[in-house]
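Engineer: In this note's numbering, the protein residues as written are 49 to 205. For glycine and all other residues, C-beta sits at the position ideal for the given N, C-alpha and C.
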């Protein structure tokens with residue numbers, strides 16, 4: 049199956065203040081972020097490639113909240129769950145039980161607190177465990193997807 053739900057694991061190397069569309073100005077701390085989204089549309093998991101293209105500067109379109117943050121981050125991995133079920137909000141809420149939600153981020157089309165969650169720079173492993181656990185608990189497979197090495201590009205501010 050080429051469609052489902054994904055959570056990007058991103059690293060922000062320095063504190064950043066950034067205007068994020070209608071959310072306004074956000075102050076984001078250095079550390080790790082988990083962004084949960086749906087890849088159940090026509091492109092499926094190609095959505096992850098789009099995010100990586102925004103992160104690397106190959107695509108400068110700022111359509112979703114995450115597009116404003118991606119160019120300031122480094123991609124670590126994505127946790128994907130191939131499914132036809134709408135598990136996005138269930139997964140985001142479970143991640144929010146362990147990691148700090150960034151209020152209003154990525155959830156303009158639902159009643160969730162957030163689809164972006166934060167943990168400090170020393171807790172990458174705990175975040176990854178929380179994300180995998182959230183996917184599994186929601187009924188997903190929690191497969192780990194890594195970017196091909198040739199495309200890896202570190203973004204420091």
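1. Rounded to whole angstroms, what is the Cα-Cα separation between residue 162 and residue 193?
2. Is it the case that the stretch 174-184 contacts the stretch 136-154, given that we only count it when at least three CB pairs across the two stretches are under 8 Å?
3. When the Cα atoms are used, what is the spatial distance from residue 204 to residue 54?
4. Kindly provide the ranges of any alpha helix (DSSP H) runs that are 4 or more residues long and lie completely inside the stretch 93-155, ordered along the chain.
5. Counting beta carbon pairs with one atom in the stretch 118-136 and one in the stretch 144-153, are three or more of them shorter than 8 Å?
6. Pick from 187, 165 and 151: whose alpha carbon is nearest that of residue 73?
7. Considering only DSSP beta bridges, list what residue 85 is partnered with.
8. Alpha helix (DSSP H) containing residue 172: first to last residue?
9. Using a Cβ-Cβ cutoff of less than 6 Å, which residues in the same chain neighbour residue 101 once the five nearest sequence positions on both sides are dropped?
10. How about residue 113 and residue 79: are their beta carbons less than 8 Å apart?
11. Can a CB atom of chain D be found closer than 8 Å to the CB of residue 51?
12. According to DSSP, is residue 72 part of a helix, a strand, or is it coil?
13. Would you grab the beta carbon distance between residue 99 and residue 164 for me? Rounded to a whole angstrom, and I think it's under 8 Å.
14. Can you have a look at residue 66 and say buried or exposed, based on whether 16 or more other CB atoms are within 10 angstroms of its CB?
Structural biologist: Reading off the structure:
1. Put simply, the backbone Cα of residue 162 is about 23 Å away from that of residue 193.
2. With the cut-off at 8 Å, the stretch 136-154 and the stretch 174-184 touch.
3. Model confidence at residue 204 stands at a pLDDT of 32, short of 50, so the residue's coordinates are unreliable and nothing is read from them.
4. As far as the stretch 93-155 is concerned, its whole alpha helix (DSSP H) runs of at least 4 residues are 94-104, 113-117 and 136-144.
5. Cβ pair count under 8 Å is below three, so no.
6. Residue 73 has its Cα closest to that of 151, out of 187, 165 and 151.
7. DSSP lists 54 as partners of residue 85.
8. From DSSP, the alpha helix (DSSP H) with residue 172 extends over 172-185.
9. Excluding the 5 residues flanking it on each side, residue 101 has same chain C-beta neighbours closer than 6 Å at 107, in chain order.
10. Against a cut-off of 8 Å, the Cβ pair of residue 79 and residue 113 comes out as no contact.
11. Structure shown: chain D not included; a single protein chain is present.
12. In the structure shown, residue 72 sits in a strand (DSSP, three-state: E or B).
13. Between residue 164 and residue 99 the Cβ distance is about 13 Å, and since that is not below 8 Å, they are no contact.
14. The residue in question, residue 66, is exposed, as its Cβ has fewer than 16 Cβ neighbours within 10 Å.
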